[in-house]
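Trainee: Here you go, one structure.
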Ligand SMILES: Cc1ncc(COP(=O)(O)O)c(C=O)c1O
Ligand SMILES: Cc1ncc(COP(=O)(O)O)c(C=O)c1O
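Protein chains in written order, with our numbering: chain X, 1 to 491; chain E, 492 to 982.
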């Protein structure tokens, strides 16, 4: 390089190879759609082609994708989306009036009254206003300024955007980002891509995956030896671990962030998914404001939400928002510039986010159906959470914390030494070896704990509670049978 | 840093400030939604609040957003989207059969038959197959493998993803990316964010913004002195410059890339937007294959398309695809991993992309209306392209190349020395000063040439040809009047 040397006219080596590509991208790992899932897709194809297997279908419990597992969309949401997509339908009287008025309101806020116009990069004004009012209601009146709300392409987009703003430096001054282990692998992937330092803090499996202050302190002190930790990420309710944090715990975390000068990122996409008795969702924003002005005026916080989870499960629309608190105004201008480059989040997803935060109200024609659908979905999830925990705990060698919230259980599995050895000989993580074998023998697709991180020497898998009850029961029975067989085989 | 020192409990300085944020993000510039547009939004608000101005409305010609300018969506596309959003409508007989069958086909390919399920990260299989068949038809039978097609969130997403894969290195081995000047500022923004070296090559304004081989050679030789140039980006038809490249030019560029070992990125989002007689769209893929196997088997190419432009103008749905040719299989695996992290592009946008590549066929009930709508939109754009060129060229001091394609004219404006001095005194680019003044005095919102890059000492503005004909005429008359007044004022 550096010289204008003539090149060969037919280069045998590509410009872009595994050796010349961005090494940060190469370092990214992403388990939720990793080798297990690729093999599951292959097996489905083999089954369709008539290949004989010890099972007739693949049951996917690897990803929090509710509709793919048969959950039905909320009628009202889809009516409004159809009306917005094809406004001719507004003339019809097959749609309820409240669906029509929501659609008209959204269309009026769109350029040329069309979902097909780019919106403001921060998101449609009236949607951001509705989000702000939703947050205020949710948080018992704590004020929310729509200027602090940014619509995003799913929560993923918001998380990556915020990390992109925050990460800088080299060597010992490189930004460190504290994430829980186990974690949702978007975080580790984004950090690898940005070249940031991933700083692990471990959730306490013995105490139902709660956050320990002492562990946060340990992790931070360690990290300060080699990088500049300035961000603390929390997922509540938790993925993959299904815990719901107590109010006390959230207070502790906020005080810790204030004391240690950390920027808080609260991933609250499962805010409606709380099932266990005695558990309740507390937003970081609300707790922050209840701690009083010395916290609420200083601690920097961003919170993420999404249309993908809760009772909606509308993953494909890529709707989401983030709210930033106490963000420096100059940085805000930079954030607006940054999101402008990609033009805007998908407008149908913005419309859907609007319906989530501005759902049918008592007295409106769609209210009863909406509430019925919402409640049915959430109750069914609560049942399946209980069922999963109970069934898994009947298996010797599997220990499962209560699924207090979110959509996952993350049981601890004991693996025989012989299996661990065999896996290591194959260069595989032992729980990957286990999950891959389960897939081949039973058609059940889970994600190994190693894809999320876990304490050394412990093994887990993550399974969603989303399959329909019948299938979930079948799945749990098969897991039990497989685990027992596996244990016998390797003992 | 590097030590576990106690922090102040109420830090006066934020964690994230303009000084501690990611400096690459700080370096990003983005003119299309920059200060002019922000001021335009403000002025609109002032007008609504009754403030007196020398005009009654803001006319936006700053962004290629067809629906926002009143272009109507294609009926068939929106019918299918409504059906997919709310499949109850499939039972109705108000929709044509071909719309219903398209909707059924898309829904069958979605998890749980719902737009609300995550799709495969690379995009829905059947949509990628339809894209491949479209490309084959477009390119006169040159084969296209659906495995090489990736659906994206608008073309923006694809462009940024590819650059992310390609960029690496530090100092003199840092990746250089050649982009045309003037350019679409997504490119410079993405390069700044990734910390890559932007390598400028200038389009030839005298020859209707064509690409000169000698200029490519000059630019590359320069760049090789200080970085590792390995990518060449082309926009055809051009934004902001509106040119359509000749077949000869494309051949030359491909031979150049082969000889110089450059990865080609062809931004072909305006592939249907060709208006000038004698001009025709030639895809880089087709020309590459026509050059024979020593090129088609070796030159690495990625081409981008989008639902945002052409006759559709469906920007808000964020649909798009990219096709990669001759990509190293190991890198392909890395690309699939990378796109997995963000889960998937918005599914309604994927559905829309499918309709674009699989539009109504002769004999189907929607064919006639579809063709009428498509042709009307493209003819109107052709008329407005002509009108814009002609009107602008009547203004002394404004010189405008023919708008051969895309949606923009990028006229050269002569600015009096006094104006240039005054602008510089204010720390503004002279054409920013000019455009800002035009906005304040006439309500017309254009983007200064400096936002796209231009030869030193030349000044331009970019205006879209999208406003409705009446408004476009009014706009052009006002531009003329303003330019004359401005010239008098500063002479
Ligand atoms: C904790 C958590 N955060 C963020 C996301 C991203 O979701 P989306 O981008 O679909 O909103 C997920 C998805 O599973 C998640 O579990
Ligand atoms: C040349 C060019 N490429 C890419 C884009 C991005 O468009 P989108 O992301 O909406 O597909 C645009 C938008 O104006 C463009 O002009």
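Beta carbons are placed, not taken as given, at the ideal position from N, Cα and C, and that holds for glycine.
In this text the structure is predicted, and so the values were computed from the model without any measurement.
Leaving out the 5 sequence neighbours to the left and right, which residues in its chain are closer than 6 angstroms to residue 118 (chain X) when beta-carbon positions are compared?
Mentor: Within the same chain, residue 118 (chain X) has close Cβ partners 343 and 344.
Trainee: Please confirm whether residue 861 (chain E) and residue 565 (chain E) have their CB atoms less than 9 angstroms apart.
Mentor: The answer is yes: Cβ separation under 9 angstroms.
Trainee: If you pair each beta-carbon of the segment 854-874 of chain E with each one of the segment 220-230 of chain X, do three or more pairs fall below 8 angstroms?
Mentor: Counting Cβ pairs under 8 angstroms, fewer than three are found: no touch.
Trainee: Give the DSSP bridge partners of residue 410 (chain X), in chain order.
Mentor: None, per the DSSP bridge assignment.
Trainee: To which residues of the same chain is residue 504 (chain E) closer than 8 angstroms at the C-beta, ignoring the five residues directly before and after it?
Mentor: Answer for residue 504 (chain E): no residue qualifies.
Trainee: Below 8 angstroms on C-beta distance, what does residue 874 (chain E) contact in chain X?
Mentor: Within 8 angstroms Cβ-Cβ: nothing; residue 874 (chain E) doesn't reach chain X, min ~20 angstroms.
Trainee: By the criterion of Cβ-Cβ separation under 7 angstroms, what are the contact partners of residue 65 (chain X) in chain E?
Mentor: Near residue 65 (chain X) (Cβ distances below 7 angstroms), the residues of chain E are 602, 608 and 609.
Trainee: Where does the unbroken beta strand (DSSP E) through residue 266 (chain X) begin, and where does it stop?
Mentor: Its beta strand (DSSP E) spans residues 263-267.
Trainee: Residue 788 (chain E): buried (16+ other C-beta within 10 angstroms of its C-beta) or exposed?
Mentor: Label assigned to residue 788 (chain E): exposed.
Trainee: CB-CB under 7 angstroms to residue 674 (chain E), same chain, minus the five flanking residues each way: which ones, in chain order?
Mentor: Around residue 674 (chain E): 943 and 944.
Trainee: Counting only Cβ-Cβ distances shorter than 7 angstroms, please list the residues of the segment 689-721 of chain E near chain X, keeping chain order.
Mentor: The segment 689-721 of chain E vs chain X, Cβ under 7 angstroms: 712, 715, 716, 719 and 721.
Trainee: What does DSSP give as the partner residue(s) for residue 558 (chain E) in the beta ladder?
Mentor: Bridge partners of residue 558 (chain E): none, in fact.
Trainee: Starting from the N-terminal side, write out each stretch of the alpha helix (DSSP H) that is 4 residues or longer and does not extend beyond the segment 516-596 of chain E.
Mentor: You should have 526-539 and 566-576.
Trainee: Rank E:746, E:714, E:695 and E:525 by C-alpha distance to the C-alpha of residue 729 (chain E) and give the top, closest one.
Mentor: Of the candidates E:746, E:714, E:695 and E:525, the one whose C-alpha sits nearest the C-alpha of residue 729 (chain E) is E:695.
Trainee: If we count the other Cβ atoms within 10 Å of its Cβ and call it buried at 16 or more, is residue 94 (chain X) buried or exposed?
Mentor: When all chains shown are included, residue 94 (chain X) counts as exposed.
Trainee: Just the C-alpha distance for residue 353 (chain X) and residue 808 (chain E), rounded to the nearest angstrom, thanks.
Mentor: About 15 angstroms.
Trainee: Could you tell me the alpha carbon to alpha carbon distance between residue 7 (chain X) and residue 669 (chain E), rounded to whole angstroms?
Mentor: Low per-residue confidence applies at residue 7 (chain X): pLDDT is 44, beneath 50, and the placement is therefore not dependable, though the value from the model is reported in the following sentence. Straight-line Cα distance between these residues: approximately 17 angstroms.
Trainee: Of all Cβ atoms in chain E, is any one closer than 9 angstroms to the Cβ of residue 464 (chain X)?
Mentor: Answer no: the Cβ-Cβ gap between residue 464 (chain X) and chain E never drops below 9 angstroms.
Trainee: Give a single yes or no on whether residue 936 (chain E) has its beta carbon closer than 8 angstroms to a heavy atom of ligand 2.
Mentor: No; taking the cut-off as 8 angstroms, the Cβ of residue 936 (chain E) has no heavy atom of ligand 2 nearer than that.
Trainee: Quick check: is any heavy atom of ligand 1 less than 8 angstroms from the C-beta of residue 66 (chain X)?
Mentor: Every heavy atom of ligand 1 is 8 angstroms or more from the Cβ of residue 66 (chain X), so no.
Trainee: By DSSP, does residue 780 (chain E) sit in helix, in strand, or in coil?
Mentor: In the structure shown, residue 780 (chain E) sits in a helix (DSSP, three-state: H, G or I).
Trainee: What distance in whole Å lies between the Cβ atoms of residue 166 (chain X) and residue 175 (chain X), which are believed to be in contact at a cut-off of 8 angstroms?
Mentor: Right, their Cβ atoms sit about 6 angstroms apart.
Trainee: Within 9 angstroms of any Cβ in chain E, is that where the Cβ of residue 472 (chain X) sits?
Mentor: It does not; no Cβ of chain E falls within 9 angstroms.
Trainee: Since residue 303 (chain X) and residue 285 (chain X) should fall inside the 8 angstroms C-beta cutoff, what is the C-beta to C-beta distance between them, to a whole number of angstroms?
Mentor: With 8 angstroms as the limit, residue 303 (chain X) and residue 285 (chain X) qualify as a contact, their Cβ atoms being about 6 angstroms apart.
Trainee: With a 10 Å radius around its C-beta and 16 neighbouring C-beta atoms as the bar for buried, classify residue 632 (chain E) as buried or exposed.
Mentor: The residue in question, residue 632 (chain E), is exposed, as its Cβ has fewer than 16 Cβ neighbours within 10 Å.
Trainee: Say yes only if the C-beta of residue 800 (chain E) is nearer than 8 angstroms to one or more non-hydrogen atoms of ligand 2, and no if none qualify.
Mentor: Yes, since a heavy atom of ligand 2 falls inside the 8 angstroms radius drawn around the Cβ of residue 800 (chain E).
Trainee: Please report whether the beta-carbon of residue 508 (chain E) lies at a distance below 9 angstroms from any beta-carbon of chain X.
Mentor: Chain X contact via Cβ: present.
Trainee: Mapping the DSSP letters down to three states, classify residue 838 (chain E) as helix, strand or coil.
Mentor: Looking at residue 838 (chain E) - three-state DSSP - the assignment turns out to be helix.
Trainee: Residue 895 (chain E): which of E:928, E:822, E:679 and E:764 sits nearest, CA to CA?
Mentor: Answer by Cα proximity: E:764.
Trainee: With 16 other CB atoms within 10 Å as the buried threshold, where does residue 267 (chain X) fall?
Mentor: Residue 267 (chain X) is buried by the Cβ-count criterion.
Trainee: Return the residues of the segment 328-347 of chain X that lie within a Cβ-Cβ distance of less than 8 angstroms from chain E, sorted by chain order.
Mentor: Listed by position, the residues of the segment 328-347 of chain X near chain E (Cβ gap below 8 angstroms) are 328, 330, 331, 334, 337, 338, 340, 341, 342, 343, 344, 345, 346 and 347.
Trainee: For the segment 93-107 of chain X, enumerate the residues whose C-beta is nearer than 7 angstroms to any C-beta of chain E, in chain order.
Mentor: Result list empty, no residue passes.
Trainee: Got a sec? Which residues, its chain only, sit under 6 angstroms from residue 767 (chain E) by beta carbon, not counting five neighbours each side?
Mentor: So the list reads 893 and 895, once near-sequence residues are dropped.
Trainee: For residue 840 (chain E), would you say it is in contact with chain X, using Cβ-to-Cβ distances shorter than 9 angstroms as the test?
Mentor: True, the Cβ-Cβ gap to chain X drops below 9 angstroms.
Trainee: Please list the partners that residue 164 (chain X) has in chain E, where partner means a Cβ-to-Cβ separation under 9 angstroms.
Mentor: Under the 9 angstroms cutoff, chain E gives 513, 515, 516 and 684.
Trainee: Cutting at 6 angstroms between CB atoms, please list the residues of its own chain near residue 612 (chain E), excluding the five before and the five after it.
Mentor: Taken in chain order, the residues that qualify are 830, 831 and 835.
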